[in-house]
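Enquirer: Note that full-length UniProt numbering gives residue 233 to position 233 of the sequence shown, counting from 1, and the numbers run on in steps of one.
In this text, a Cβ means the ideal position worked out from N, Cα and C, and glycines have one as well.
For clarity, every value in this text was computed on a predicted model and none was experimentally measured.
Take a look at this one; I'll ask things after.
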Amino acid sequence: MSDLGEIHHFLGVNVQRNPHGLFLSQQQYALEILDRAGMVNCHPISTPIDISSKLSAQSGKPFADPSLYRSLAGALRYLTLTRPDLQYAVQQVCLFMHAPTDTHFQLIKRILRYVQGTSHFGLQLFRQSGCDLVAYSDADWAGCPDTRKSTSGFGIFLGSNLVSWSSKRQHIVSRSSAEAEYRSVANTVAESCWLRQLLLELHQPPSKATVVYCDNISVVYLSSNPVQHQRTKHVEIDLHFVRDRVQLGEARVLHVPTSSQYADIFTKGLPSAVFQEFRSSLNVLPSTVQTAGEC
């Protein structure tokens with residue numbers, strides 16, 4: 001192995017050192033995407049997706065240049081490496097890469113307008129941070145207008161640093177909001193278990209159980225209640241998996257009010273003020289602003 005000195009640039013990610021730690025950004029890459037789409041001088045917008053935007057596979061006419069759509073959608077996916085605030089919107093456009101329509105391309109253009117105004121944003125990693133994991137899990141029940149499948153989302157913090165995030169459509173139609181939320185919690189606990197194992201191998205094991213915050217009280221009860229109810233048998237595997245981790249002391253599922261549910265940003269469109277507040281809570285900040293680093 002060769003020591004190449006302090007890292008400054010790696011696979012399109014720019015790394016800047018500041019008094020608090022590292023600032024990761026892809027500003028140049030974002031500008032290249034805008035140039036490819038011919039939107040360098042477009043008017044910026046405050047959020048990447050509308051509050052009521054629920055895309056359907058049948059909405060609009062077939063897009064004239066599917067290759068351009070797929071190219072831009074793929075490029076935006078790579079941009080989410082340092083921009084978790086884009087995760088949900090990009091996940092939505094990627095669902096229709098096989099047969100994009102004009103309506104779907106309008107969402108890509110909206111995302112690019114948002115990127116144009118926030119190209120200097122990036123992910124702040126703080127030097128002084130703990131080794132305990134805290135996760136936020138959420139689900140948008142039956143959000144897909146075509147299949148009525150739900151969207152799961154989570155964000156996992158290592159101390160004050162956001163280290164893992166996801167926005168993904170569930171494979172199975174959930175029959176209740178509690179079921180959708182529980183499946184999302186199960187995915188979050190699975191990811192946290194992987195992170196705990198990684199930290200153990202790095203000789204920095206968490207000293208406490210992973211705290212998983214969920215805004216559904218039923219899920220909190222089900223995660224610790226050993227009684228198997230008739231109405232929950234269809235989520236039996238997820239129930240047992242989460243309960244086992246709770247009993248082993250590796251995870252705790254707690255309730256959090258919706259106003260502090262940061263994972264909402266991964267499952268639905270939000271009003272501008274709420275979106276910007278949650279974006280800041282995820283440590284997605286402009287390059288010129290430094291904070292104390294509290295999530």
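1) On the DSSP bridge assignment, give the partners of V284 in chain order.
2) Taking the DSSP output, what are the residues bridged to L162?
3) Roughly how many angstroms separate the alpha carbons of L282 and R252, rounded to a whole number?
4) Applying the 10 Å Cβ sphere with the 16-neighbour rule, what's the burial state of W165?
5) Considering only residues of the same chain and omitting the five flanking positions on each side of D102, which have a CB-CB separation below 7 Å?
6) In the structure shown, what three-state DSSP assignment does P271 receive?
7) Could you give the C-beta distance for Y136 and Y213, rounded to a whole number, given that I count them as a contact under 8 Å?
8) Is it a yes or a no for the stretch 37-52 touching the stretch 109-116, going by three-plus beta-carbon pairs under 8 Å?
9) Between Q290 and the rest of its own chain, which residues show a CB-CB distance below 8 Å, the 5 nearest in sequence each way excluded?
10) Just to confirm my understanding: we take V163, look at its own chain, exclude 5 residues before and 5 after, and list those with CB closer than 8 Å. What are they?
11) Do you know how far the Cα of S218 is from the Cα of A186?
12) For the alpha helix (DSSP H) containing T258, name the first residue and the last one.
13) According to the neighbour-count rule (16 or more other Cβ atoms, all chains shown, within 10 Å of its Cβ), is E191 buried or exposed?
Expert: Well, looking at it:
1) Its beta-bridge partners are L123.
2) According to DSSP, which records beta bridges pairwise, L162 is partnered with F157.
3) Rounded to the nearest angstrom, the gap between the Cα atoms of L282 and R252 is 21 Å.
4) Looking at its Cβ environment, which holds 16 or more other Cβ atoms inside 10 Å, W165 is buried.
5) Result list for D102: G60, K61, F63, in chain order.
6) DSSP, read as helix, strand or coil, puts P271 in coil.
7) Rounded, the Cβ-Cβ distance is 5 Å, consistent with contact.
8) Output reads yes: the stretch 109-116 touches the stretch 37-52.
9) Confidence in Q290 is poor, its pLDDT being 47 and thus under 50, which makes the residue's placement unreliable; the coordinate value appears in the next sentence. Excluding residues within five positions, the ones whose Cβ falls inside 8 Å are N18, P19, H20, Q124.
10) Closer than 8 Å at the Cβ level, and outside the excluded window around V163, lie I156, F157, L195.
11) A186 and S218: Cα-Cα distance of roughly 14 Å.
12) Where T258 is concerned, there is no enclosing alpha helix (DSSP H), given that its DSSP letter is neither H nor E.
13) Buried: at least 16 other Cβ atoms inside 10 Å.
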